[in-house]
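Reviewing the structure listed below.
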Amino acid sequence: MGSILSWDLNDRPDLENRALQAKKALQAMMPNVFRNPHVSTHVKRMLYMAIPMNLLLWGCETWALKESDWNILRVFHTSSIRRIFNLSMAEVQENRIRNVDLYPMFEIDPIDNIVASRQLRWLGKIAMMKETRLPRKFINAWHPNPRPVGRPLTTIRHTYLRALKLIDELDESDSAGKLDGWMRTIRLNPPDWETRRLALTPHIIGFQSPTNIE
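Per our numbering, the sequence shown runs over residues 6 to 219.
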């Protein structure tokens, strides 16, 4: 599936199209995979990342995302987890289940971290390119004309800076200047899922059916 380029270079049409395709894939997999009592939570998570999530985020390395765009991604991610665990909004409201409580249940990161990790891997590849390569040239290209009044439009630079703020301090002793070393440093605060799972309140744990608990 290719990308959609709009006349104003806005990434929203591409994002909305990908969200639609990801929802279709999720729905198709729901009866035989995500609601299957014989499929473990680990396998469900791997398949969720491999198909719906890849459909959603293919090409996200070059997206210039506004806050409204981030909200589309977050809504898809959290609503998908609720559907996989068969949690209705009535149950969520009654038991005060927050979005941050959903991630340990599925042992998965927030969508912000998933996107940032992909973008940082792409930045690592660009850093290893020769200066004559077009991606390396475009990453710091700018327009010489004066800026219009008001806040500048969100650019890929803003998105990359947002991703860099999420990364842990780089280990200077680790193969500086090598792509594999950069990949190993992209940790984005990996959580201790077992500790977080045990810290959840009993009423949240109770909504995990026996078929979803490994």
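Here a beta-carbon is modelled for each residue, glycine too, at the ideal position from N, C-alpha and C.
Note that the coordinates shown come from a computational prediction; the quantities given were computed from them, not determined experimentally.
Please classify residue i as buried or exposed, where buried requires at least 16 neighbouring CB atoms within 10 angstroms.
i: A168; result: buried
i: V120; result: buried
i: P115; result: buried
i: A55; result: exposed
i: F39; result: buried
i: E66; result: buried
i: R103; result: exposed
i: M47; result: Per the sequence shown, the amino acid found at residue 47 is His instead of Met. When all chains shown are included, H47 counts as exposed.
i: A132; result: exposed
Helix, strand or coil, according to DSSP, for residue i in the structure here?
i: W63; result: coil
i: K49; result: helix
i: P57; result: helix
i: M134; result: coil
i: N41; result: coil
i: P157; result: coil
i: D117; result: helix
i: P109; result: helix
i: K221; result: Lying before the first or after the last residue shown, residue 221 is absent from the chain, which here runs from 6 to 219.
i: D19; result: helix
i: W75; result: helix
i: I9; result: coil
i: R103; result: coil
i: F90; result: coil
i: L25; result: helix
Report the rounded CA-to-CA distance for residue i versus residue j, giving the unit in angstroms.
i: R202; j: I113; result: Confidence at R202 is low in this model, with a pLDDT of 49, below 50, so its placement is unreliable and the value that follows should be read with caution. If you take the alpha carbons of R202 and I113, they lie about 11 Å apart.
i: M110; j: D16; result: 31 Å
i: K29; j: K170; result: 33 Å
i: R23; j: G155; result: 31 Å
i: T160; j: P42; result: 44 Å
i: L10; j: G64; result: 12 Å
i: D106; j: A146; result: 41 Å
i: Y108; j: N100; result: 16 Å
i: I210; j: L20; result: Legend: pLDDT at I210 = 40, less than 50; position of this residue unreliable, value from coordinates given subsequently. Their Cα atoms are separated by approximately 33 Å.
Assuming residue i contacts residue j (C-beta within less than 8 Å), just tell me the rounded distance between them.
i: K49; j: I89; result: 6 Å
i: T164; j: A69; result: 5 Å
i: M134; j: R141; result: 5 Å
So, is the C-beta of residue i closer than 8 Å to a C-beta in chain B?
i: D16; result: Note that chain B does not occur in the displayed structure, where there is just one protein chain.
Item to check | Given 8 Å, three or more beta-carbon pairs between the stretch 48-60 and the stretch 91-98 | outcome: no
Checklist entry - Would you call the stretch 151-168 and the stretch 119-138 touching, i.e. three or more CB-CB distances under 8 Å? => result Yes: the two stretches touch, three or more of their Cβ pairs being nearer than 8 Å.
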